[in-house]
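This report concerns only the one structure given below.
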Amino acid sequence: MNKKVSEAIAFGIFRVLSFLLVGVLALILLFIIVRGVEAISWDFLTKMPSDGMTSGGILPAIVGTLCLMFGSIVFAFPIGVLSGIYLNEYLKESKLKRFLRLMTNNLAGIPSIVFGLFGMALFVNKLNFGDSILAGSLTLGLMVLPVIIRTTEEALKMVPNSLRVASYALGATRLQTVFRIVLPIGMPNVLTGLILSMGRVSGETAPILFTVAAYFLPKLPTSIFDQTMALPYHLYVLVTSGTNIEASRPMAYGTALVLVIMVLIFNLSANLLRRKFSKKVKLK
Amino acid sequence: MNKVVRKYIENSVVSVLFTSSLVTTITVIFITFFLFYEGMGLFREKPLEADFIIAVNKSNTVKKLDNQQIGAVFNQDITNWKELGGDSLPIEILSLYTIENYYSEEDLGEDFSLLPQKINEFLEQTPGAIVCFTKAFMPEKIHGDEIHIDNIELLQFLKGKSWLPTSQPVAQLGILPLILGTLWVSLGAILIALPLGVASAIYMAEVAKPKLRNLLKPVIELLSGIPSVVYGFFGLIIIVPFIQQLFNVPVGETALAGSIVLAIMALPTIITISEDAIRTTPLALREASLALGATRWQTVLRVVIPYSKSGISAGIILGIGRAIGETMAVLMVTGNAGTMPTSFLQPVRTIPATIAAELGEVPMGGVHYKALFMLGIILFLINMIINISVEYIKKGRVGR
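In order, the protein sequences belong to chains P and F.
Heads up: the first sequence runs through residues 1 to 284, numbered per this note's numbering.
Heads up: the second sequence runs through residues 1 to 400, numbered per this note's numbering.
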């Protein structure tokens with residue numbers, strides 16, 4: 001009897017804690033959505049900021065974030081996928097493989113502000129790119145590289161070995177097997193990783209602080225050597241150091257919501273893609 | 001022939017693949033290199049700004065001061081040479097800030113042309129004099145003794161109790177308050193997140209029905225994707241005022257606010273990893289325990305948790321790692337006071353927040369700039385240690 005009571009109490013506490021937790025997290029989302037919806041309008045999404053960022057829109061920040069996302073992916077996606085292929089398809093369990101894994105994990109764990117320092121030292125100063133989309137994209141790209149490598153590896157692991165063997169049996173080379181059989185089948189999952197990393201790139205602030213982000217720049221970037229505004233940095237500026245913090249509050253809510261929606265869209269579509277694909281594999 | 005071409009293509013593709021897989025390693029090496037390249041120069045610098053000179057009267061027995069002493073002198077915390085090991089003489093400071101007390105504008109002539117002369121006069125006539133000017137204003141031949149200032153030392157850098165990198169005439173570069181601030185905020189976060197996170201992980205893995213679990217898990221995973229600025233924004237609007245009212249403190253931007261926000265941010269990491277670890281417990285172990293008449297709770301407590309201990313610890317350590325490196329949210333809610341933390345209801349300043357807040361405004365290559373890179377090195381090293389220990393813990397698990 002006593003055992004049963006203590007079990008009921010323990011699980012009851014766990015249940016309450018878990019629901020409390022999910023409740024708090026849901027509250028955060030709800031809070032941002034409710035307050036943000038009031039601030040968002042067509043003008044908000046398509047106009048330049050004006051009056052010391054207390055009115056107008058956030059168009060340059062949206063465009064800037066999209067540019068950074070695109071730029072970092074163009075750089076990181078090919079490298080990440082190729083290195084995922086190498087790790088999973090070519091390398092046997094060995095010292096080299098463990099070392100490369102360790103380095104990838106290390107890179108994944110480095111705090112984002114350290115990437116900011118590094119990007120500033122190498123891309124902005126040493127290579128003389130200045131504060132530019134190029135410098136910011138490269139910094140962000142290096143930061144999400146481990147994510148892409150890992151998801152590629154996982155994706156390729158899920159491809160059944162029988163397919164590889166069948167391909168070899170038909171006389172295909174390793175190269176043909178990898179690029180005609182393994183990669184196409186693993187592709188949807190590889191893309192999941194891509195989408196996840198795009199979500200991550202769009203929300204990062206610390207790495208772009210010193211490599212690209214502009215405090216206030218009401219024009220759209222025209223080349224990869226331009227500075228640009230970006231959503232997360234814009235939110236930070238609006239909340240902490242705008243010219244009139246109270247008056248720009250609604251702008252901040254709106255910006256936060258746009259940012260959250262952007263990230264959620266990426267994450268949700270990655271989830272959906274993953275789910276759809278895992279069903280397909282089962283059919284085979 | 002065809003075979004040769006094919007072989008050639010295969011080999012070149014393999015080398016391209018190999019090169020790509022080296023990029024992460026190269027990046028880690030580059031990051032290490034550049035942090036040290038920019039940061040290590042700090043210990044070859046004097047804390048004094050580039051061309052400042054500090055001098056005293058010739059009869060003064062004090063010839064050497066460390067930068068804390070100089071800071072105290074110019075803040076007038078110390079007003080007598082006795083306190084610095086010299087004769088009992090009142091300290092009289094002549095610098096750009098105090099010059100009006102001694103000389104009028106006419107005395108100094110046009111464009112301060114007579115200033116060098118006046119400095120020498122002052123140095124000769126006042127036994128307790130200490131003067132501080134840039135080289136441009138100093139006389140060519142100083143009728144006094146230059147104070148010798150040591151280069152910045154690692155130990156002093158680590159132990160120093162005040163972080164005032166822009167103070168005049170010498171920068172106070174002590175990172176102890178920053179290290180402690182980081183530790184306080186992260187520790188607080190873990191104290192909050194650990195029981196909550198592990199409890200939820202156990203609930204989701206062991207108690208909740210699969211349907212509920214399939215609802216909760218994606219929500220928690222989604223939350224790990226929300227940008228840190230958004231959490232910081234939420235903290236600033238909701239948690240900071242709440243703390244201010246609840247504890248009746250002058251400012252709500254405190255270590256506690258930082259800990260709460262960080263806890264919320266670290267929870268998804270801790271829950272996801274711990275839950276995965278718990279679920280790897282073999283069914284046979286559970287069934288054996290249940291067959292012996294144990295309740296589910298006893299099974300969880302005595303079988304599942306001990307078995308998944310290393311996985312749970314890995315989750316916790318990764319959570320701590322995330323908390324220590326987190327920049328923006330902490331920057332927004334902790335108030336950023338560079339003083340020694342004494343309570344959770346006080347503003348504190350963490351290492352990443354310091355870098356983020358100050359790097360934008362420092363001149364490149366200066367003492368302050370190098371000091372910020374040094375902070376980056378410290379952060380990098382902490383992170384390395386955390387990663388290696390996670391790797392080690394995981395290995396212990398595999399070995400079993």
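Glycine residues also receive a C-beta, built at the ideal position from the N, C-alpha and C atoms.
Query raised in the report: Is the distance from the Cβ of I261/P to the Cβ of Y233/P below 8 Å?
Result: For the pair I261/P and Y233/P, the CB atoms are not nearer than the 8 Å cut-off.
**Report entry** Closest Cα partner of V304/F within the set F112/F, V198/F, E124/F
**Finding:** V198/F
**Report entry** Element boundaries [beta strand (DSSP E), containing Q55/F]
**Finding:** Reading the sequence as shown, one finds Ala at residue 55/F and not Gln. Going by DSSP, A55/F is part of the beta strand (DSSP E) stretching over 52–56.
**Report entry** Distance, G144/F Cα to E402/F Cα
**Finding:** With chain F covering 1 to 400 only, the question about residue 402/F has no answer from this structure.
Report task. Please check if any C-beta of chain P sits within less than 8 Å of the C-beta of Y203/F. Result -> yes
Requested in this report: Whole angstroms is fine: what's the gap from K395/F's alpha carbon to L267/F's?
Outcome: 24 Å
Query raised in the report: Is there at least one Cβ from chain P nearer than 8 Å to V13/F's Cβ?
Result: yes
Query - Separation of L142/P from T205/P, as counted between CA atoms - result: 15 Å
Report task. Would you mind telling me which residues of chain F sit closer than 8 Å to S18/P, beta carbon to beta carbon, in chain order? Result -> A199, S200, Y203, M204, A208, L216
Query raised in the report: R174/P to V165/P, Cα distance in whole Å?
Result: R174/P and V165/P have their C-alpha atoms spaced approximately 10 Å apart.
Query - Listed by chain order, chain A residues near E391/F by CB distance under 8 Å - result: Absent from the structure: chain A. Protein chains present are P and F.
**Report entry** Among P169/F, P218/F, G181/F, D66/F, nearest to T342/F - alpha-carbon criterion
**Finding:** Comparing Cα positions, the closest option is G181/F.
Query raised in the report: Pick from S202/P, Q227/P, L96/P, I245/P: whose alpha carbon is nearest that of L264/P?
Result: The residue with the shortest Cα to Cα distance from L264/P is S202/P.
**Report entry** Cβ pair E275/F, A189/F closer than 8 Å
**Finding:** One thing to note: E275/F has its Cβ no nearer than 8 Å to the Cβ of A189/F.
Query raised in the report: Could you give the distance in angstroms between the alpha-carbon of P210/F and the alpha-carbon of Y203/F?
Result: Each residue's Cα considered, the two are about 11 Å apart.
Query raised in the report: In or out: E411/F buried (at least 16 other Cβ within 10 Å) or exposed?
Result: An answer regarding residue 411/F cannot be provided, because it is not within the stretch 1 to 400 covered by chain F.
Query raised in the report: Quick one: is Y90/P near chain F, going by C-beta distance under 8 Å?
Result: So, interface residue.
Query raised in the report: Pick from L268/P, T255/P, L25/P, V16/P: whose alpha carbon is nearest that of T286/P?
Result: No answer is possible for residue 286/P: it lies beyond the span of chain P, which begins at 1 and ends at 284.
Query - Whether I149/P touches T104/P by CB criterion (8 Å) - result: yes
Query raised in the report: Which bits of chain P does W431/F rub up against, with CB to CB less than 7 Å?
Result: The structure shown has nothing for residue 431/F, since chain F only spans 1 to 400.
Requested in this report: Kindly indicate if chain F contains any beta-carbon less than 8 Å away from that of P146/P.
Outcome: Interface residue, yes.
Query raised in the report: Since L48/F contacts I149/F with CB under 8 Å, what's their CB separation in whole angstroms?
Result: 6 Å
Query raised in the report: Under a three-way DSSP split, which group does G56/P fall into?
Result: strand
Query - Amino acids of chain P, ordered along the chain, whose beta-carbon sits closer than 7 Å to that of S21/F - result: S83, Y86, L87, L100
Query raised in the report: If we cut at 8 Å on Cβ distances, does Y3/P have a partner in chain F?
Result: According to the sequence provided, residue 3/P is Lys. The question's Tyr does not apply to it. The C-beta of K3/P comes closer than 8 Å to at least one C-beta of chain F.
Requested in this report: In the DSSP assignment, find the alpha helix (DSSP H) that holds A277/F and state where it starts and stops.
Outcome: 255–279
Query raised in the report: Is the Cβ-Cβ distance between F123/P and T139/P less than 8 Å?
Result: Yes, they are a contact pair.
**Report entry** Helix, strand or coil at N75/F according to DSSP, with G and I counted as helix
**Finding:** coil
Report task. Taking only beta carbons into account, state which residues of the segment 223–250 of chain P come closer than 7 Å to chain F, listed in chain order. Result -> Taking 7 Å as the Cβ-Cβ cut-off against chain F, the residues of the segment 223–250 of chain P that qualify are P232, L235, Y236, V239, T240.
**Report entry** CA-to-CA distance, V74/P to I62/P, given in whole angstroms
**Finding:** 18 Å
Report task. Evaluate contact between the segment 322–329 of chain F and the segment 283–291 of chain F, counting only Cβ atoms and requiring at least three cross-stretch pairs below 8 Å. Result -> no
Query - Residues sharing a beta bridge with Q172/F, DSSP - result: Answer is L164/F, bridged to Q172/F.
**Report entry** Straight-line gap, I273/F to A201/F (C-alpha atoms, nearest Å)
**Finding:** 9 Å
Query raised in the report: Of all the residues that make up the segment 109–128 of chain P, which are near chain F by a beta-carbon distance shorter than 9 Å?
Result: G109, I110, P111, S112, I113, V114, F115, G116, L117, F118, M120, A121, L122, N125, K126
Query raised in the report: Do L158/F and T350/F have their C-beta atoms closer together than 8 Å?
Result: For L158/F and T350/F, no; Cβs fall outside 8 Å.
Query - Rounded separation between F266/P and G232/F - CA only - result: Approximately 21 Å, taken between the alpha carbons.
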